[in-house]
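Protein chains in written order, with numbering that gives the first Met the number 0: chain A, 0 to 212; chain B, 0 to 212.
Protein chains: 2
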Amino acid sequence: MPNASTRIVIADRNVITRVGLRSILERNPGFAVIAEATSYDAVIDAVDEHGPDVLIIDLDLGDDTTRGLKVVEEVTERYPTTKVLVLANTLSEMIVVEALRRGANGYLCKDDVKADELGKGIKAIQDGETVLGKGVGNLVAHSLGSSRQTEHLTDREIDVIKHVAKGLSTKQIAVAMFISESTIKFHLQNASRKLGAHRRAEIVHRASAAGLL
Amino acid sequence: MPNASTRIVIADRNVITRVGLRSILERNPGFAVIAEATSYDAVIDAVDEHGPDVLIIDLDLGDDTTRGLKVVEEVTERYPTTKVLVLANTLSEMIVVEALRRGANGYLCKDDVKADELGKGIKAIQDGETVLGKGVGNLVAHSLGSSRQTEHLTDREIDVIKHVAKGLSTKQIAVAMFISESTIKFHLQNASRKLGAHRRAEIVHRASAAGLL
DNA sequence: TAACGACCTAGCCAAATGGCTAGGTAACGG
DNA sequence: CCGTTACCTAGCCATTTGGCTAGGTCGTTA
Chain A
0 MPNASTRIVI ADRNVITRVG LRSILERNPG FAVIAEATSY DAVIDAVDEH
50 GPDVLIIDLD LGDDTTRGLK VVEEVTERYP TTKVLVLANT LSEMIVVEAL
100 RRGANGYLCK DDVKADELGK GIKAIQDGET VLGKGVGNLV AHSLGSSRQT
150 EHLTDREIDV IKHVAKGLST KQIAVAMFIS ESTIKFHLQN ASRKLGAHRR
200 AEIVHRASAA GLL
Chain B
0 MPNASTRIVI ADRNVITRVG LRSILERNPG FAVIAEATSY DAVIDAVDEH
50 GPDVLIIDLD LGDDTTRGLK VVEEVTERYP TTKVLVLANT LSEMIVVEAL
100 RRGANGYLCK DDVKADELGK GIKAIQDGET VLGKGVGNLV AHSLGSSRQT
150 EHLTDREIDV IKHVAKGLST KQIAVAMFIS ESTIKFHLQN ASRKLGAHRR
200 AEIVHRASAA GLL
């Protein structure tokens, strides 16, 4: 068969989304959904087993939020012929930039995407284009224009922010994490700078919007 | 026809979810999806026009987050025979309790629901049961057990919290909202009490988790 | 080896916040 | 008319925070 179907793997923890995606994609005979995955490990397994043309993935597949980015990186590194299309629930500058930096070929937002855009996007990606959904492009442009480049938070910083989000004071966090108050303040200062925030409340909001908590 | 199909209206801004839901439901010939809506107004119109047996609704259909609850209230008041099943993206004690208080017959979480649970849930709802998804039940129980009953935030309080989330100080918010600093602090004190929070960062986190921002 | 990043600690001070009491108005429903 | 709710304002004071400078270790990488 000279023009075989595009072989697609879907990774999303949500059944409804998986069924919906499959249903939309399979209206076009050029697309074949050959596997579904609902966890980070399953994604790797599925890609290893099927070596799909396209991986459509929701980065949020479990509790460990940053794991999704690592999976994108691993797939694009080990399988250069597999294109990765990120299908996100929410739009966060940091996540978008990180995903693209790690080799994602497209980034669409579930709530914004229209049915026909999915098929077009996949074809465009296979032609080597990078597909950015409505709003995503602006976000990236903004990120490039901004003097502050997107630095990603360290694990430790995220830990501290999680405690802050729970309403703990510096002192309480220090006790909970077995380190000094100074260190808590140090991590928060760094997180503030990286996120462009000036108050704890804003740090929490941005981290929350970025899906880091 | 003695045992006609259950007539269902789906309200969700996300195409993928709508297609997925329709696809899952229509595997069972007893269910017929007769309309889809993607905005609050469209939900009311669709219910007015079709008077469905069941309305499956995602409360988050637009920028005005609390509008979803009002829609539930309106539908259950005006059409007592129409059952309402809320299908949420996230799980928030306040939203769950408020939705049930306003007449919702069920509350499921998209990420947790399994394909077969949807059909079972709808049938149960039609039998007069109240269907609560995995985790939702515990949340409600917790809410009942808690001395603090779930009070909902006023519009003004949410306004203030949104400014806090942007990292503004009390003084800056006062200027932005044309009211005194005292009033800002007053609203935040009330919001703290209602949310059970003790720090601005926690207020923002809870409000954010509740989808209020 | 040197440089780097992530991590940890200390102290300072002005500013912001949390928690409190104690008032006020306007609108709405019983 | 009265109670309730949302909304607005004022002041007090202890605590927390933001923003800063100035150090340190450890492991990896160039």
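For every residue, glycine included, the Cβ atom is placed at its ideal position computed from N, Cα and C. Since the structure is predicted, the reported quantities are computational estimates derived from the model, not experimental observations.
| Check | Outcome |
| --- | --- |
| When B/A41, B/N13, B/S38, B/A45 are compared against B/I7, the one with the closest alpha-carbon | B/A45 |
| Length of the line joining the Cα atoms of A/A200 and B/A164 | 6 Å |
| For A/G134, the nearest candidate out of A/V42, A/D62, A/D110, A/R155 (CA to CA) | A/D110 |
| Candidates A/V42, A/H151, A/E48, A/I172, of which the one nearest A/I55 by Cα | A/V42 |
| Supposed contact pair B/I121 and B/F30 - C-beta distance, whole angstroms, cut 8 Å | 7 Å |
| A/E128 in three-state terms, based on DSSP | coil |
| Per-residue contacts from B/S22 into chain A (C-beta, under 7 Å) | V18, G19, S22 |
| Where B/K165 meets chain A, residues with beta-carbon distance less than 7 Å | E201 |
| Buried or exposed by the 16-neighbour rule on C-beta atoms within 10 Å, applied to B/V174 | exposed |
| Secondary structure, beta strand (DSSP E): runs of 3+ residues fully inside the segment 176-203 of chain A | none |
| For B/I55: DSSP bridge partner residues | B/I9, B/L84 |
| Inter-residue Cα distance where the pair is A/I9 and A/V74 | 14 Å |
| Partners in chain A for B/V14, counting only beta-carbon separations shorter than 8 Å | G19, I23, V112, K113, A114 |
| CB contact below 8 Å: B/S38 versus chain A | no |
| Residue environment, A/R17, which counts as buried when at least 16 other CB atoms sit within 10 Å | buried |
| Contact under 8 Å by Cβ, A/N104 with A/K69 | no |
| Proximity winner among A/R21, A/D154, A/N27, relative to A/S4 (alpha-carbon distances) | A/N27 |
| Positions along the segment 182-201 of chain A whose CB lies within less than 8 Å of some CB in chain B | A196, H197, R198, R199, A200, E201 |
| 7 Å CB neighbourhood of A/V14 in its chain, flanking five on each side removed | none |
| Three-state class that DSSP yields for B/L107 in the structure shown | strand |
| Chain A residues whose Cβ lies nearer than 9 Å to that of B/K109 | N13, V14, I15, T16 |
| Cβ-based contacts, 7 Å cut-off: residues of the segment 36-65 of chain A near chain B | none |
| Other residues of its chain near B/G132: CB distance less than 7 Å, five sequence neighbours each side excluded | Y106, L107, C108, D111, V112 |
| Delimiting residues of the alpha helix (DSSP H) encompassing B/E73 | 66-77 |
| Distance, A/A196 Cα to B/A123 Cα | 48 Å |
| Pairwise C-alpha distance: A/T169 and A/A190 | 14 Å |
| DSSP state of B/V32 mapped onto helix, strand, coil | strand |
| is_contact[A/H204, chain B] using C-beta, thresh 8 Å | yes |
| Own chain residues within Cβ distance below 7 Å of A/R147, not counting five before or after | Reliability of the predicted coordinates at A/R147 is poor, the pLDDT of 49 falling under 50, and the value obtained from them is presented with this limitation in mind. Around A/R147: G195. |
| Min CB distance A/S207 to chain B below 8 Å | yes |
| Bounding residues of the alpha helix (DSSP H) (the contiguous stretch that carries A/R17) | 14-24 |
| Burial state of B/K119, where buried means 16 or more other Cβ atoms lie within 10 Å | exposed |
| 7 Å CB neighbourhood of B/R101 in its chain, flanking five on each side removed | L68, V71, E72, T75 |
| Bounding residues of the alpha helix (DSSP H) (the contiguous stretch that carries B/L99) | 92-100 |
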